[in-house]
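Numbering follows this note's numbering, with no gaps: position 33 of the sequence shown is 124.
Glycine included, each C-beta is placed from N, C-alpha and C at the ideal position.
Read through the structure below, which is laid out as structure tokens, and then see the notes.
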Amino acid sequence: MNKIKTFAILSLLSISVSSCDLIFGGHEPEYYMYKLALNFQNTSGKDLVKGITLDGYSQELPMEDAVSGVVSHDEFTLNINPNPCDFPKKNNTIPDPPKPRYLNMEMYDDGYRYVMHFVSRSMEYCSGEKILTYELKCPYIFGDKEVHKVVTYWNILKKKYWWGKNAECYLIEFEGKEITPIHYETSTSGERTYAGIITLDKD
């Protein structure tokens, strides 16, 4: 009799969970999270990110005093390869087109400004990429209109959070230079940002 009762209870719980999935659209999506922040300096150590134009910044203070904000799209273009994989079509609908790339500017404990971007890839539909190449054009930083490539190497960390897993950046390559990034815990939910300083060959 006890076995019958136990089976009945488990069956009801299973039905309840399935019903909730049907009503609320299933489980929350989980992601691999790639968060990269870069500071650019010249050979004299000048912070080349400082003073970059930010959207919606109050002009009561000089732009050079800003410590955080969203970088104006007039300042840069950014592509990342490979691009985040597409979600499969559901109910004969077409996935939303990729959103425009963005850059945030943040100042970290070392006093330098960094441009930061994060990529999230679905753990259900995408693989965890080990190499991401950032193709960045930004005359304010580089002093030219060329596309500069930043190649980054990642491992997927084992620890899992409610939103998914962190990708750990362990190496950055830029025009023949190798940079070892450090990480900052920039979120109370466990997300990590990996930061590197790139020195450009200019005064």
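In angstroms, rounded to a whole number, what distance separates the CA positions of VAL158 and GLN132? Along the sequence shown, read from residue 1 onward, the residue named residue 158 stands at position 67. Along the sequence shown, read from residue 1 onward, the residue named residue 132 stands at position 41. When rounded, the distance between both Cα atoms is 16 Å.
Just to check my reading of the structure: LEU169 and ARG192 have Cβ atoms closer than 8 Å, yes? What is that Cβ distance to the nearest angstrom? Locating residue 169 in the sequence shown gives position 78, counting from the first residue. Locating residue 192 in the sequence shown gives position 101, counting from the first residue. Rounded to whole angstroms, the Cβ separation of LEU169 and ARG192 is 4 Å, and the two are in contact under 8 Å.
Ordered list of beta strand (DSSP E) runs contained in the segment 234 to 270, each at least 3 residues: 239 to 252, 255 to 265, 268 to 270
Between the beta-carbon of PRO173 and the beta-carbon of GLU226, is there less than 8 Å? Taking the first residue of the sequence shown as position 1, residue 173 is located at position 82. Taking the first residue of the sequence shown as position 1, residue 226 is located at position 135. Contact flag unset, no.
For LYS250, which of LYS236, TYR261, GLU282 has the nearest alpha-carbon? Translated into positions along the sequence shown, residue 250 becomes position 159. Minimum Cα distance to LYS250 is reached at GLU282.
Are the segment 285 to 293 and the segment 120 to 134 touching by the rule of at least three beta carbon pairs closer than 8 Å? yes
Would ILE222 pass as a contact of LEU139 if the rule is Cβ separation under 8 Å? One-based indexing of the sequence shown puts residue 222 at position 131. One-based indexing of the sequence shown puts residue 139 at position 48. For ILE222 and LEU139, no; Cβs fall outside 8 Å.
When burial is assigned at 16 or more other CB atoms within 10 Å of the CB, is VAL241 buried or exposed? Taking the sequence shown and counting its residues from 1, the one referred to as residue 241 is at position 150. Counting Cβ neighbours within 10 Å, VAL241 comes out buried, since at least 16 surround it.
Exposure label - SER278; buried when at least 16 CB within 10 Å: Looking up residue 278 in the sequence shown gives position 187. By the 10 Å Cβ count, SER278 comes out exposed.
CA-CA distance, ASP146 and HIS164? On the sequence shown, residue 146 is found 55 positions in, with the first residue counted as 1. On the sequence shown, residue 164 is found 73 positions in, with the first residue counted as 1. Looking at the two C-alpha atoms, the distance is approximately 8 Å.
Where the beta strand (DSSP E) containing ALA286 begins and where it ends: The residue given as residue 286 occupies position 195 in the sequence shown. Where ALA286 is concerned, the enclosing beta strand (DSSP E) stretches over 283 to 290.
Expressed to the nearest angstrom, what Euclidean distance is found between the alpha-carbon atoms of ILE171 and THR224? Locating residue 171 in the sequence shown gives position 80, where the first residue counts as 1. Locating residue 224 in the sequence shown gives position 133, where the first residue counts as 1. Taking the CA atoms as reference points, ILE171 sits about 6 Å from THR224.
Between the CA atoms of CYS217 and GLN198 - distance to the nearest angstrom: Residue numbering aside, residue 198 sits at position 107 when the sequence shown is read from its first letter. Residue numbering aside, residue 217 sits at position 126 when the sequence shown is read from its first letter. The sequence shown places Met at residue 198, not Gln. Their Cα atoms are separated by approximately 32 Å.
Quick one: using the 10 Å Cβ neighbour count with 16 as the cut-off for buried, is PRO272 buried or exposed? Counting from one through the sequence shown, the residue named residue 272 turns up at place 181. Burial call: buried.
Going by DSSP in three states, ILE222 sits in which element: helix, strand or coil? The residue you call residue 222 lines up with position 131 of the sequence shown. Reduced to three states, the DSSP call for ILE222 is strand.
Could you pull the start and end residues of the beta strand (DSSP E) that HIS208 belongs to? On the sequence shown, position 117 is the one that residue 208 refers to. Under the DSSP assignment, HIS208 falls in the beta strand (DSSP E) whose first and last residues are 204 to 213.
Looking at C-alpha atoms only, which residue of GLY255, LYS126, CYS229 is the closest neighbour of GLY287? Along the sequence shown, read from residue 1 onward, the residue named residue 287 stands at position 196. Across the set GLY255, LYS126, CYS229, the C-alpha of LYS126 shows the shortest separation from the C-alpha of GLY287.
Once the 5 residues before and after ILE106 are set aside, which same chain residues still bring their CB inside 6 Å of it? The sequence position of residue 106 within the sequence shown is 15, counting from 1. Annotation note: pLDDT 36 at ILE106 (below 50); position unreliable, no value reported.
With DSSP as the reference, label ILE313 as helix, strand or coil. Because the chain spans 92 through 294 in this model, residue 313 falls outside it and cannot be assessed.
Could you please give the first and the last residue of the uninterrupted beta strand (DSSP E) stretch that includes GLY160? Position 69 of the sequence shown, counting from 1, holds the residue named residue 160. Start and end: 159 to 161.
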